[in-house]
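K.L.:
Dropping a structure here in structure tokens format, bear with me for questions.
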Amino acid sequence: IFAILPFYSGDVEDGFRLGGLGRWYGRLMALIILIGSLTFGEDVLFASKEYRLVASAQGDTEEINRTIETLLCIISYTMVVLSSVQNASKHFRTLHDIAKIDEYLLANGFRETYSCRNLAILVTSAAAGVLAVAFYYIHYRSGIGSKRQIILLLIYFLQLLYSTLLALYLRTLMMNLAQRIGFLNQKLDTFNLQDCGHMENWRELSTLIEVLCKFRYITENINCVAGVSLLFYFGFSFYTVTNQSYLAFATLTAGSLSSKIEVADTIGLSCIWVLAETITMIVICSACDGLASEVNGTAQILARIYGKSKQFQNLIDKFLTKSIKQDLQFTAYGFFSIDNSTLFKLSSAVTTYLVILIQF
Numbered sequence: 201i202f203a204i205l206p207f208y209s210g211d212v213e214d215g216f217r218l219g220g221l222g223r224w225y226g227r228l229m230a231l232i233i234l235i236g237s238l239t240f241g242e243d244v245l246f247a248s249k250e251y252r253l254v255a256s257a258q259g260d261t262e263e264i265n266r267t268i269e270t271l272l273c274i275i276s277y278t279m280v281v282l283s284s285v286q287n288a289s290k291h292f293r294t295l296h297d298i299a300k301i302d303e304y305l306l307a308n309g310f311r312e313t314y315s316c317r318n319l320a321i322l323v324t325s326a327a328a329g330v331l332a333v334a335f336y337y338i339h340y341r342s343g344i345g346s347k348r349q350i351i352l353l354l355i356y357f358l359q360l361l362y363s364t365l366l367a368l369y370l371r372t373l374m375m376n377l378a379q380r381i382g383f384l385n386q387k388l389d390t391f392n393l394q395d396c397g398h399m400e401n402w403r404e405l406s407t408l409i410e411v412l413c414k415f416r417y418i419t420e421n422i423n424c425v426a427g428v429s430l431l432f433y434f435g436f437s438f439y440t441v442t443n444q445s446y447l448a449f450a451t452l453t454a455g456s457l458s459s460k461i462e463v464a465d466t467i468g469l470s471c472i473w474v475l476a477e478t479i480t481m482i483v484i485c486s487a488c489d490g491l492a493s494e495v496n497g498t499a500q501i502l503a504r505i506y507g508k509s510k511q512f513q514n515l516i517d518k519f520l521t522k523s524i525k526q527d528l529q530f531t532a533y534g535f536f537s538i539d540n541s542t543l544f545k546l547s548s549a550v551t552t553y554l555v556i557l558i559q560f
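Here's what the structure looks like:
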């Protein structure tokens, strides 16, 4: 509905297709979002004083920070939509390729399923909490006019909506892929315990390597398709976490400049926003790290099988040559890697910037 994925028809391989209606619906949604973003962005940029959330500013640069944060918010969800619509056929091809390989997996005993229902409730609740606190703060505590209240709340709603949908879609897709690759890795690992001289084993190993190569191609394709969306989302998240953390500290130390209620409200908005963005980033980073670990684990298993029989070596060489030279790593369009270490790097950077800002 929101154009993260294209509308497609059919639930079996032969009838599974992406129709023209699905493509045009995505383009229409992208056009609506783009026009709205340009309109909102112009108003936020040239009437920034009308969007002041706090009556008494905590510093001379607070208005600039809020304006930049709001513009990044608009750019973030806009680029997610545009990138998703642009890559609609690639998203569809990914799902189609997985469906084709599932026939082989089901025939070999794969029965695992993945559901992120509880995780979806957590991420959605955090996003809804941000929107609820922002509504209270904008509607009851700020001097923003009614028209611009609606615009600001709509901007926040769209950013939270698309970041949540993107995170849950990538989480579901990547964890399903990780389950499938993990299942194949387990079957591959059994070759270490078998007699490798039989022709049947050679054929089975050949088939497994071929399927794993296809999964690696699918995984690399996901990285390319989602790279732009992840770049702009993480860029917005990095800035928001830093800015909101600093605003919380500035509000807390304002003391005589703010009433107790205003201080509590400001800190509440900042803290819940930081929490929501952190949860969403954890969902994405852990999914990327889990899938990359499974894909890169294939090369280690094949390296152990390599010495078992000479007839396997030529077969394995082709896979290992690429895998050993280049481990799979998810990136934000090549600018930085996305894995569990990304969160540690973020916290380190935020801490450093906060110390500099506070001292300044």
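According to the numbering used here, the stretch in the sequence shown is residues 201 to 560, in order.
Ideal Cβ placement from N, Cα and C applies to all residues, glycine included.
(1) Sort S276, F438, I275, N392 by Cα distance to G507 and report the nearest one.
(2) Report the partner residues of S209 according to the DSSP bridge assignment.
(3) In whole angstroms, give me the CA-to-CA distance for F357 and V333.
(4) Could you have a look at S315 and say whether DSSP puts it in helix, strand or coil?
(5) Measure the C-alpha to C-alpha separation of I144 and A503 and round it to an integer number of angstroms.
(6) Quick one, are the C-beta atoms of R371 and A487 less than 9 Å apart?
(7) Excluding the 5 residues flanking I505 on each side, which residues of the same chain have their C-beta closer than 7 Å to its C-beta?
(8) Among all the DSSP beta bridges, which residues are the ones paired with S537?
(9) Check the C-beta distance from I338 over to I274 and give it rounded, since I have them as a contact under 8 Å.
(10) Leaving aside the five residues before and after S537 along the sequence, list all residues of the same chain whose C-beta is less than 8 Å from its C-beta, in chain order.
(11) Buried or exposed for V330, please, with buried defined as at least 16 other CB atoms from any protein chain shown within 10 angstroms of its CB.
(12) Do you know how far the Cα of T239 is from the Cα of A546?
(13) Within the chosen definition, does the region 307-314 reach the region 373-390 through at least 3 CB pairs nearer than 8 Å?
(14) With G427 and Y362 assumed to form a contact (beta carbons below 8 Å), what rounded beta-carbon distance in angstroms separates them?
(15) Provide the residue span of the alpha helix (DSSP H) that contains Q386, from first to last.
(16) Please return the same chain residues whose Cβ sits closer than 7 Å to the Cβ of L322, not counting the five positions on each side in sequence.
(17) Measure the C-alpha to C-alpha separation of I268 and A299 and round it to an integer number of angstroms.
(18) Residues in its own chain within less than 8 Å of Y251 by CB, not counting five upstream and five downstream?
(19) How do the region 404-412 and the region 283-294 stand: do at least 3 beta-carbon pairs fall below 8 Å, yes or no?
(20) Residues in its own chain within less than 7 Å of S459 by CB, not counting five upstream and five downstream?
(21) Which one of L365, I501, T419 has the shortest CA to CA distance from S284?
(22) Taking F246 as the reference, which of F432, F434, I264, F544 has the closest Cα?
(23) For a quick check, are the C-beta atoms of T419 and L491 less than 9 Å apart?
(24) Specify, as a first and last residue, the run of the alpha helix (DSSP H) that N392 falls within.
(25) In three-state DSSP terms, what is T453?
(26) Just checking my contact of F535 with L431 at CB under 8 Å: how many whole Å lie between their CB atoms?
(27) Go to Y277, then tell me how far its alpha helix (DSSP H) extends in each direction, as first and last residue.
(28) What's the C-alpha gap between I409 and L384?
(29) Taking 8 Å as the cut-off, does the CB of S283 come closer than this to any heavy atom belonging to the ligand GTP?
(30) Quick one: residues in its chain with C-beta nearer than 7 Å to the C-beta of C324, no 5 flanking neighbours on either side, listed in chain order?
(31) Between the alpha carbons of A499 and G309, how many angstroms are there, rounded?
(32) Taking the alpha carbon of F292 as the point to measure from, which residue in R223, I201, Y336, A367 has its own alpha carbon closest?
P.N.:
Working from what's here:
(1) N392
(2) R217
(3) 12 Å
(4) coil
(5) This structure does not reach residue 144, given that the chain is present from 201 up to 560, and the question cannot be answered.
(6) yes
(7) F391, N392, F512, I516
(8) T531
(9) About 16 Å separates the two Cβ atoms, so there is no contact after all.
(10) Q529, F530, T531
(11) buried
(12) The displayed chain sequence assigns Leu, not Ala, to residue 546. Going from the Cα of L546 to the Cα of T239 covers about 32 Å.
(13) yes
(14) That belief does not hold up - the Cβ atoms of G427 and Y362 are roughly 16 Å apart, past 8 Å.
(15) 346-389
(16) I479
(17) 43 Å
(18) V244, R266, T267, T270, I344, R348, L352
(19) no
(20) With a pLDDT of 49 at S459, under the threshold of 50, the modelled position of this residue cannot be trusted, and the question is left open.
(21) L365
(22) I264
(23) yes
(24) It is not in any alpha helix (DSSP H) - N392 carries neither H nor E in the DSSP assignment.
(25) coil
(26) 6 Å
(27) 262-286
(28) 9 Å
(29) The ligand GTP is absent from the structure shown, which contains no ligand whatsoever.
(30) Per the sequence shown, the amino acid found at residue 324 is Thr instead of Cys. Here the set comprises T364.
(31) 23 Å
(32) R223
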